[in-house]
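*Asks:* Numbering (this note's numbering), first residue to last: 34 to 120. Below is the structure I would like to discuss, written out as structure tokens.
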């Protein structure tokens, strides 16, 4: 009984394996892949550049650098006063 059940399963598996990869799963040829790399790298570089420049502009427009500088100068002056008063 087991042999009768396993034979159809074996035939189905063998037919799927021998059929080969589906067209969507077929690997593209190597030369077309190499030809498309420079274009993809250029697109990636321009995207990264745009995002980086946008981030820099946002930092320049925000008040974070100004607040950071004022906090550092205040802290430095307090430390300087403390050192002068101690010594």
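Ideal placement from N, C-alpha and C gives every residue a C-beta, glycine not left out. Quick caveat, the model's predicted, so the values are computed rather than measured.
1. How far does the alpha helix (DSSP H) with residue 78 in it reach, from first residue to last?
2. Excluding five sequence neighbours on each side, which residues of the same chain lie with their C-beta closer than 7 Å to the C-beta of residue 115?
3. Have a look at residue 74 and residue 82 and give me their C-alpha separation to the nearest angstrom.
4. Taking the alpha helix (DSSP H) that residue 109 falls in, what are its first and last residues?
*Replies:* In short, the structure shows the following:
1. Here residue 78 is taken as the residue at index 45 of the chain shown, counted from 1. Looking at the DSSP string, the run of the alpha helix (DSSP H) that includes residue 78 is 63-94.
2. Taking the chain shown and counting its residues from 1, one reaches residue 115 at position 82. Taken in chain order, the list of residues that qualify is empty.
3. Within the chain shown, residue 74 is the residue found at index 41, counting from 1. Within the chain shown, residue 82 is the residue found at index 49, counting from 1. Distance between the alpha carbons of residue 74 and residue 82 is about 12 Å.
4. Sequence index remark: in the chain shown, residue 109 carries index 76 (1-based). Start and end: 97-119.
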